[in-house]
Structure formats: structure tokens, C-alpha cells
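*Asks:* First the structure, then my questions, so here it is.
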Amino acid sequence: MTPARVAVVKNTKNAVVQMPEEKTAVLTNSKEEYEKLCNRFNLNGLFHNIDTPLELHSVELVIVDARTSLPQWLMKTIRKTTTPVLVIHNGELKTPLTNNILVGYTVTTSKTIRNELKRLSKIKDIIKKLNENSLCASRSTLLMNFFKSLNDLTAKSQDIDTMLKAMMKQTRQFLQFKDFIVLFHDRETNTLLPRIASKRIKANKHMRLFPGHGIAGWVYEKKRPVLITDISHDKRFSEEAFLHSVFSTKELLCFPLGSDNSINIVIELINAKHRERLSEPDVLGLLSEITPQLNIAIDRALLQQKLQEMVLTDDLTNLFNTRYLHRTLEIEIERAERYGSSMSLIFMDLDYFKDVNDRYGHLVGSKLLVEVAQLLLHKLRSVDIVARYGGDEFVIVLPMTASRYAFQVAERLRRAIAETTFLKSEGLNVKITASFGVASYPEDANTKEELLRLADEAMYKVKYQSRNGVYAISQSVKK
Numbered sequence: 001m002t003p004a005r006v007a008v009v010k011n012t013k014n015a016v017v018q019m020p021e022e023k024t025a026v027l028t029n030s031k032e033e034y035e036k037l038c039n040r041f042n043l044n045g046l047f048h049n050i051d052t053p054l055e056l057h058s059v060e061l062v063i064v065d066a067r068t069s070l071p072q073w074l075m076k077t078i079r080k081t082t083t084p085v086l087v088i089h090n091g092e093l094k095t096p097l098t099n100n101i102l103v104g105y106t107v108t109t110s111k112t113i114r115n116e117l118k119r120l121s122k123i124k125d126i127i128k129k130l131n132e133n134s135l136c137a138s139r140s141t142l143l144m145n146f147f148k149s150l151n152d153l154t155a156k157s158q159d160i161d162t163m164l165k166a167m168m169k170q171t172r173q174f175l176q177f178k179d180f181i182v183l184f185h186d187r188e189t190n191t192l193l194p195r196i197a198s199k200r201i202k203a204n205k206h207m208r209l210f211p212g213h214g215i216a217g218w219v220y221e222k223k224r225p226v227l228i229t230d231i232s233h234d235k236r237f238s239e240e241a242f243l244h245s246v247f248s249t250k251e252l253l254c255f256p257l258g259s260d261n262s263i264n265i266v267i268e269l270i271n272a273k274h275r276e277r278l279s280e281p282d283v284l285g286l287l288s289e290i291t292p293q294l295n296i297a298i299d300r301a302l303l304q305q306k307l308q309e310m311v312l313t314d315d316l317t318n319l320f321n322t323r324y325l326h327r328t329l330e331i332e333i334e335r336a337e338r339y340g341s342s343m344s345l346i347f348m349d350l351d352y353f354k355d356v357n358d359r360y361g362h363l364v365g366s367k368l369l370v371e372v373a374q375l376l377l378h379k380l381r382s383v384d385i386v387a388r389y390g391g392d393e394f395v396i397v398l399p400m401t402a403s404r405y406a407f408q409v410a411e412r413l414r415r416a417i418a419e420t421t422f423l424k425s426e427g428l429n430v431k432i433t434a435s436f437g438v439a440s441y442p443e444d445a446n447t448k449e450e451l452l453r454l455a456d457e458a459m460y461k462v463k464y465q466s467r468n469g470v471y472a473i474s475q476s477v478k479k
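Structural data, given as C-alpha cells:
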């Protein structure tokens, strides 16, 4: 038998043997009793004393000397353990130490302990195989349930953020972690931006991480996962520490999602639970099994979102289209009626846009429309709705806004367009103006159709009179 180390302590603690290939606990009342045990059963040379005791649940074999008095708490622990137990006694035990024959073995002083150790070793091997088979079966079941859950998630009509949060909840079953951050790659700025995170992590839109910077940036650039068990020893972490400011990060599992040629997402799983049960190959192996399914789920969700956007947005400007506009108007009119408030609508048309197309071509004209759309979005509130109505016409819905305030908004937009030089990136310096018409509910109109008609008529009144102006149904033209 291979020599081992043994920790033998007084009866307030337990004694533990840690062998190169297996762990064994030898439980006696004192060091003297332990030495007597070794001499009686010719165990000298099999074990060597060490000073540091380990927890009982960490061992794989327990030897109990029941001939001496052991602490009650220790006896209770032995009864609960699932570890193989060898009990040495004088031939009589009033109550069994264990209930399961696979985890308990009783011998008398007349038997040779070496043979019993060999027999227990076989039992331990059987238990180990049973546990491995059980783990494999459990893992397969969890994987099947996980894949089914992902399919159910993607089958539901929901936005990408909701799907991601549900997906992370499912992933937690396998890779036990406390917190997470999901970062999306923004092509325009070539940076990684936090999209969603754990409840206690407040993902800030201004937090940006460049490819190659920090652990997430490294994973994005290298296109491969990494498991870091002690973050304090990794220099890369300092470059993204601002993402982890609300908690103490000790361990980090970071992996990319997407194809080899196009990584779109990087996920960080923070401070895993019970990681001592899984080695790095185990974790990365399990990750490799679920990553393809995560990719499929996210691709489906992104495709679904893109299809929804195609139905509701304008192909050129990415503003909302008329279909979404009509739906929004119905909702806002109903809301205004319910709360006894006002809502307003602005109809806008670019002045002499045809001249831009004739002079520079339709491609340049299209780029001008895109820049105008971006300006409108920048100047308006997040609750305001901007839609491209067709050609160079735009409609703006202002929830909870009375006519006089809507007039001020239209005037501010008119001034911003007139003062802006467009298409500088194309080497051009294009100036253009716009005409605005304003109508409000319930001051001017009672229905969606009437609201659109009146705002359109107000806009054309500006067109016919002077252009580059604002006209509200209840007010006069103003430049």
C-alpha cells in the first residue's frame, strides 16, 4: 500500500489521511490511541502524521476506531457521510454507524485490516464509477432541458434583451456563477458595449472596451474562451476594472459568441460557485457543448428583431415607417384621452430637395435624407417618435405635448436644419431648409386622420407662402 500522510488530533477534531491516489480519514480519540492502532494492526509505515486536519467530507475513506469514546458531533457526521467507512470495534456495536452497506464496513479485532482496506478500496471504486455514471446521466438530462429551454425562448416573440436575460438564467444551471455581463460589439465605434448585466451591475452606455483591451477585449480579439481562477494575478483585468466596480471579482469565465469570422458578443461569468468541483478542462469542455446552442438562440433572436425592424422601419433612414406611425398615433390619442392631456403632430417637408437630386444625383440625395433623420433624432426626446412619411417628408409625434410647445419644438428643428451644413463627409457643403406644419389633439383634431390632414395642410401653407417656416393650426407663420 502506498505510504500516506495522517493528521491525528484530540477528540475535539477529526484525523485525516491524505494519500497520493486517495484520501483516508483515521478517527481515534487521541494520538496515543492512533499509535496503538498502528501497532496493533501493523499499520506502521502506511501512514505518516501531519499537523493540518481536513474536513471530513473531503476524504474518500474513513477508518473509525469505535473502541474508544468519540465526540457526538463526530459520530453524527460519520452517520451522514456517503464516504466508505471502516469501523474497528470489539465485536459489538449497539447502533450502526452507517445505514448504507456501500458506505459502511464493520470488522472485528481478529481480522487483518490490510485485507479490509483492499476490500474497501474496491467498494470505493464501485461508488466512484456509480457517481461518474450518475453525473453523466444528470449532465445529459440538464443539457437536453437546456436546449429545449433555448428553443422555447427563441420561439417566443420577445426583444433581444429579454431573451438574453432568460438565456443567462438557463446558463446558470451549468456554469454556476453569481454575476454576468453581456457585451455587444458596436461596428461603428469598434468597441464592446455592455448590453445587459446582473441586477446589481448597472451597465452604462458610456462604458466602452476596445478589442484587445481587458479580458473581454482579449477574448474578442483572440476568438477563444478563458477561465481565470484568480483575477488579481491577471494584468488584463485592470483595463476593464470599471465594469466590475460594484462587486469584488475573484474568478472570471469569459467567452465569445458568433462565428469565427464575426464575433458579435462577449459574455463574462463572474465569481463562480462551487468551482472546486470542476477543473478548467471540465469548465471549458462544458462551455464548448452549450456555446453552439447559445449562438443559434442569439442568431434567431437577432434575426427576429431585424425582421420586426424591417416591418416597422424605413430601409433608408432607419426611422419608423408609416405603418408604425399609424399604430403610434392611435396609442397616443387614446393615452391623451385617458389622462385628459394633449399630444401633437409635426409634418415636415424639405425645401427644394428636388434641386439636390438634380444637381448631385439621387445617391447624394439619399445620404442627405439619412443625415437629416439623424439630426431630428438628436434634437428630440427619447419618447418622441420620428417617422419617414415618404420621399422627403417626415412626421414627428410628440406625446403629452400641447400645441404651443409643439410649435416651439418645430421652430427649434427648423432653425437646426437651416444652420447645419450637410454632407461634409462627402466633400460637399449642402445647405437646405424645411417647412413645418403643427396640429394637436384635442385642440385641433378629434381623430388620427384629421390630425394628419391638418398637420399636412399647415405644412403646405408654409410651402406656398415662404418655405423655411412653421405654421400651427392655431397660430401664425413664423420664420
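Note that my numbering numbers the sequence shown so that position 346 is 346, with each residue one more than the last. Even glycine gets a Cβ: it sits at the ideal position worked out from N, Cα and C. Given the structure is predicted, the values throughout are model-derived calculations rather than measurements.
Report the three-state DSSP secondary structure of Pro399 (helix, strand or coil).
*Replies:* Counting from 1 along the sequence shown, the entry for residue 399 is found at position 399. Three-state DSSP puts Pro399 in coil, outside helix and strand.
*Asks:* In whole angstroms, give me the CA-to-CA distance for Pro292 and Val283.
*Replies:* What you label residue 292 is simply residue 292 of the sequence shown in a count that begins at 1. What you label residue 283 is simply residue 283 of the sequence shown in a count that begins at 1. Their Cα atoms are separated by approximately 15 Å.
*Asks:* If you follow the beta strand (DSSP E) that Leu253 is in, where does it begin and where does it stop?
*Replies:* Here residue 253 refers to the residue found at position 253 when the sequence shown is read from its first residue. It spans 252-258 - the beta strand (DSSP E) in which Leu253 sits, taken as one unbroken run.
*Asks:* Between which two residues does the alpha helix (DSSP H) carrying Arg381 extend?
*Replies:* Position 381 of the sequence shown holds residue 381. Unbroken run through Arg381: none, as it is neither H nor E.
*Asks:* My parser needs the beta strand (DSSP E) runs of 3 or more residues fully inside the stretch 395-442; what are they?
*Replies:* If we require 3 residues or more, the beta strand (DSSP E) runs fully inside the stretch 395-442 come out as 434-441.
*Asks:* Determine the closest residue to Arg224 out of Leu368, Ser288, Thr433, Ala410, with distance taken between C-alpha atoms.
*Replies:* Working through the sequence shown from its first residue, we reach residue 224 at position 224. When each option's Cα is compared against that of Arg224, the closest is Ser288.
*Asks:* Return the chain-ordered list of same chain residues with a C-beta closer than 6 Å to the C-beta of Val182, the five sequence neighbours on each side being excluded.
*Replies:* For the purposes of this step, residue 182 is taken as residue 182 along the sequence shown, with counting starting at 1. Excluding residues within five positions, the ones whose Cβ falls inside 6 Å are Leu164, Arg195, Ile196, Ile267.
*Asks:* Going by other Cβ atoms of all chains shown within 10 Å of its Cβ, with 16 needed for buried, is Ala410 buried or exposed?
*Replies:* Stepping through the sequence shown from its first residue, residue 410 is reached at position 410. When all chains shown are included, Ala410 counts as buried.
*Asks:* Buried or exposed, going by whether 16 or more other CB atoms sit within 10 Å of the CB of Asn190?
*Replies:* For the purposes of this step, residue 190 is taken as residue 190 along the sequence shown, with counting starting at 1. When all chains shown are included, Asn190 counts as exposed.
*Asks:* For the structure I just gave you, are there three or more beta carbon pairs, one from the stretch 329-348 and one from the stretch 437-456, closer than 8 Å?
*Replies:* The stretch 329-348 is in contact with the stretch 437-456.
*Asks:* Distance check for Trp218 and Arg264, CA to CA, integer angstroms please.
*Replies:* On the sequence shown, position 264 is the one that residue 264 refers to. On the sequence shown, position 218 is the one that residue 218 refers to. Reading the sequence as shown, one finds Asn at residue 264 and not Arg. Cα to Cα, Asn264 sits roughly 14 Å from Trp218.
*Asks:* For Lys550 and Met167, I'd like the C-alpha separation in whole angstroms.
*Replies:* This structure cannot settle anything about residue 550, because the visible part of the chain is limited to 1 through 479.
*Asks:* With DSSP collapsed to three states, give me the class of Asn271.
*Replies:* Taking the first residue of the sequence shown as 1, we reach residue 271 at position 271. Here Asn271 sits in strand by DSSP.
*Asks:* Assuming Cys254 and Ile215 make a contact with CB atoms under 8 Å, what is their CB distance in whole Å?
*Replies:* On the sequence shown, residue 254 is found 254 positions in, with the first residue counted as 1. On the sequence shown, residue 215 is found 215 positions in, with the first residue counted as 1. Their Cβ separation, rounded to whole angstroms, is 5 Å, which keeps Cys254 and Ile215 in contact under 8 Å.
*Asks:* Can you check the stretch 216-248 for any beta strand (DSSP E) of at least 3 residues that lies completely inside it and give the ranges in chain order?
*Replies:* Within the stretch 216-248, the complete beta strand (DSSP E) runs of at least 3 residues are 226-228.
*Asks:* Might you give, ordered along the chain, the residues of its own chain that have their beta carbon closer than 6 Å to the beta carbon of Asn400, omitting 5 neighbours on each side?
*Replies:* Taking the first residue of the sequence shown as position 1, residue 400 is located at position 400. Correcting the residue identity first, residue 400 is Met in this sequence and not Asn. Ser341, listed in sequence order.
*Asks:* Count the other CB atoms, across all protein chains shown, that sit within 10 Å of the CB of Val462; report buried if there are 16 or more and exposed otherwise.
*Replies:* By 1-based counting over the sequence shown, the position of residue 462 is 462. The residue in question, Val462, is buried, as its Cβ has 16 or more Cβ neighbours within 10 Å.
*Asks:* I need the DSSP call for Met144, collapsed to helix, strand or coil.
*Replies:* To locate residue 144, count along the sequence shown from 1; it is residue 144. Correct three-state label for Met144: helix.
*Asks:* Return the CA-CA distance between Glu457 and Phe436, expressed in angstroms with no decimal places.
*Replies:* As a working note, residue 457 is residue 457 in the sequence shown. As a working note, residue 436 is residue 436 in the sequence shown. The straight-line gap from Cα to Cα measures roughly 10 Å.
*Asks:* Using DSSP's beta-bridge definition, name the partner residues of Gly390.
*Replies:* The residue you call residue 390 lines up with position 390 of the sequence shown. DSSP, once it has assigned bridges, lists Glu393 as partnering Gly390.
*Asks:* Would you tell me roughly how many angstroms separate the C-alpha atoms of Gln305 and Val386, rounded to the nearest one?
*Replies:* The residue labelled residue 305 in the question sits at position 305 within the sequence shown. The residue labelled residue 386 in the question sits at position 386 within the sequence shown. Near 19 Å, if we compare the C-alpha coordinates of Val386 and Gln305.
*Asks:* Which of helix, strand or coil does DSSP assign to Met348?
*Replies:* As a working mapping, residue 348 is identified with position 348 in the sequence shown. The answer is strand: DSSP assigns Met348 an E or B state.
*Asks:* How would you write the range of the alpha helix (DSSP H) that Thr162 sits in, first residue to last?
*Replies:* For the purposes of this step, residue 162 is taken as residue 162 along the sequence shown, with counting starting at 1. Segment 160-171, the alpha helix (DSSP H) holding Thr162.
*Asks:* Can you give me the C-alpha to C-alpha distance between Asp392 and Gln308, rounded to a whole angstrom?
*Replies:* One-based indexing of the sequence shown puts residue 392 at position 392. One-based indexing of the sequence shown puts residue 308 at position 308. The alpha-carbon atoms of Asp392 and Gln308 are separated by roughly 24 Å.
*Asks:* Do Leu369 and Leu312 count as a contact pair if the criterion is CB distance below 9 Å?
*Replies:* Sequence index remark: in the sequence shown, residue 312 carries index 312 (1-based). Sequence index remark: in the sequence shown, residue 369 carries index 369 (1-based). The answer is no: Cβ separation not under 9 Å.
*Asks:* For the beta strand (DSSP E) holding Lys178, just list the boundary residues, first then last.
*Replies:* In the sequence shown, counting from the first residue as 1, residue 178 sits at position 178. 177-186 is the extent of the beta strand (DSSP E) around Lys178.
*Asks:* Short check: CB of Asp230 to CB of Lys250, under 9 Å?
*Replies:* Locating residue 230 in the sequence shown gives position 230, where the first residue counts as 1. Locating residue 250 in the sequence shown gives position 250, where the first residue counts as 1. Yes, Cβ-Cβ distance for Asp230 and Lys250 is below 9 Å.
*Asks:* Between which residues of its own chain and Met480 is the CB-CB distance below 6 Å, once the five residues before and five after are set aside?
*Replies:* Residue 480 lies beyond the stretch modelled for the chain, which goes from 1 to 479, so this question has no answer here.
*Asks:* Nearest to Asp444 by alpha carbon, out of Ser344, Asn429, Lys431?
*Replies:* Within the sequence shown, residue 444 is the residue found at index 444, counting from 1. Considering only alpha carbons, the answer is Ser344.
*Asks:* Using beta-carbon positions only, say whether Phe146 and Gln176 come within less than 9 Å of one another.
*Replies:* The residue given as residue 146 occupies position 146 in the sequence shown. The residue given as residue 176 occupies position 176 in the sequence shown. No, they are not a contact pair.
*Asks:* Applying the 10 Å Cβ sphere with the 16-neighbour rule, what's the burial state of Ser403?
*Replies:* As a first step, residue 403 must be located in the sequence shown, where it is residue number 403. Ser403 comes out buried.
*Asks:* Here's the rule I'm using: 16 or more other beta-carbon atoms within 10 Å means buried, otherwise exposed. How should Lys390 be labelled?
*Replies:* Your numbering for residue 390 matches position 390 in the sequence shown. The sequence as given places Gly at residue 390; Lys does not occur at that position. The residue in question, Gly390, is exposed, as its Cβ has fewer than 16 Cβ neighbours within 10 Å.
*Asks:* Measuring straight from C-alpha to C-alpha, what distance separates His213 and Tyr220?
*Replies:* Here the question's residue 213 lines up with position 213 in the sequence shown. Here the question's residue 220 lines up with position 220 in the sequence shown. So the alpha carbons of these two residues sit roughly 9 Å apart.
*Asks:* Tell me the rounded alpha-carbon separation between Gln408 and Ile346.
*Replies:* Mapped onto the sequence shown, residue 408 falls at position 408. Mapped onto the sequence shown, residue 346 falls at position 346. Rounded to the nearest angstrom, the two C-alpha atoms are 11 Å apart.
*Asks:* Suppose only complete runs of 3+ residues qualify. What are the beta strand (DSSP E) ranges in the stretch 300-350, listed by chain order?
*Replies:* Within the stretch 300-350, the complete beta strand (DSSP E) runs of at least 3 residues are 343-350.
*Asks:* Taking 9 Å as the threshold (C-beta atoms), are Asp179 and Ser198 in contact?
*Replies:* Residue mapping note: residue 198 aligns to position 198 of the sequence shown, counting from 1. Residue mapping note: residue 179 aligns to position 179 of the sequence shown, counting from 1. Yes, the pair counts as a contact, with Cβ atoms nearer than the cut-off.
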